[in-house]
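Asker: In UniProt numbering, the protein residues as written are 1 to 202.
For each residue, glycine too, the CB sits at the ideal point set by N, CA and C.
Pasting a structure below so you can have a look.
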């Protein structure tokens, strides 16, 4: 992928433009497709709630995902900071678990909707095989959301942390390629963020 550039549309609004080769397009399309499948499976496995049907209020899982990748993408909604002022009086233990269960049940469906919509925007704005990617401001925001999710998912699978930027050592010959993809996604994200922040105001 070439560096992102800012161009102005006919109305002066910003367009974020780059080019992708066939391998990059195929890689992103495959990764995004897998991400959407994860969200679909999580949504489809939510327990049936008759009360939600009567009230029209959507609900989802109350328990966190068992899969490490989905748990990273759909973390607990209540995560107290032990070092924050007044932290000693914050909910903890069983009460905190119940609070998280209620928050997850009410909010997870909307979070999945937003993440899936961002992923679908990426698919819709990819070139067929190779070529130019042109994004509006809203589409660029969706790219940031989706690419960050891809990066988090792959980083979780590879065991990448701040202390292990390439993950733990491994004899798996395919691992190096996956690590390269992770760093490519990180670079794509960083460059797009920088271009969006540094552009001239409209």
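1) Please determine, among 3, 49 and 70, the residue with the shortest C-alpha to C-alpha distance to residue 152.
2) Under a Cβ-count criterion, where at least 16 other Cβ atoms within 10 Å of its own Cβ denotes burial, should residue 35 be classed as buried or exposed?
3) Tell me whether residue 142 is buried or exposed, calling it buried when 16 or more other Cβ atoms sit within 10 Å of its Cβ.
4) Spatial neighbours of residue 63 within its chain, please: C-beta separation below 8 Å, excluding the five flanking residues on both sides.
5) Contact check, residue 132 vs residue 19 under 8 Å by CB: the rounded distance?
6) Tell me the start and end of each unbroken beta strand (DSSP E) in the region 98-160 that is at least 3 residues and wholly inside, in chain order.
7) Would residue 185 pass as a contact of residue 150 if the rule is Cβ separation under 8 Å?
8) From the DSSP output, read off the bridge partner residues of residue 14.
9) With DSSP collapsed to three states, give me the class of residue 20.
10) Can you tell me which of the three DSSP states residue 55 falls into?
11) Determine, using beta-carbon pairs with one atom in the region 112-124 and one in the region 161-181, whether at least three such pairs fall under 8 Å.
12) Check residue 183 in the structure and name its three-state DSSP category.
13) Contact defined as beta carbons within less than 8 Å: I believe residue 15 pairs with residue 136. What is the distance between those atoms, to the nearest angstrom?
14) Would you mind giving the Cβ-Cβ distance between residue 154 and residue 25, rounded to the nearest angstrom? I have them listed as a contact below 8 Å.
15) Which stretch, first to last residue, makes up the alpha helix (DSSP H) that contains residue 72?
16) Closest by CA to residue 115, which one among 106, 94, 138 and 146?
Answerer: According to the structure shown:
1) That would be 70, whose Cα lies nearest to the Cα of residue 152.
2) Residue 35 should be labelled buried.
3) With 16 or more other Cβ atoms within 10 Å, it is buried.
4) Around residue 63: 101 and 104.
5) The Cβ separation is near 5 Å, so the contact holds.
6) Correct list: 131-135.
7) It is a contact, given that the beta carbons lie within the stated cut-off.
8) Under DSSP, residue 14 shares a beta bridge with 8.
9) In this structure, residue 20 counts as strand in the three-state DSSP scheme.
10) DSSP places residue 55 in helix when its eight states are reduced to three.
11) Because the criterion of three Cβ pairs below 8 Å is not met, the region 112-124 and the region 161-181 do not touch.
12) Here residue 183 sits in helix by DSSP.
13) Taking a contact as a CB-CB distance under 8 Å, the pair residue 15 and residue 136 counts as one, their CB atoms being some 7 Å apart.
14) Between residue 25 and residue 154 the Cβ distance is about 18 Å, and since that is not below 8 Å, they are no contact.
15) From DSSP, the alpha helix (DSSP H) with residue 72 extends over 68-73.
16) In terms of CA proximity to residue 115, 146 leads the group 106, 94, 138 and 146.
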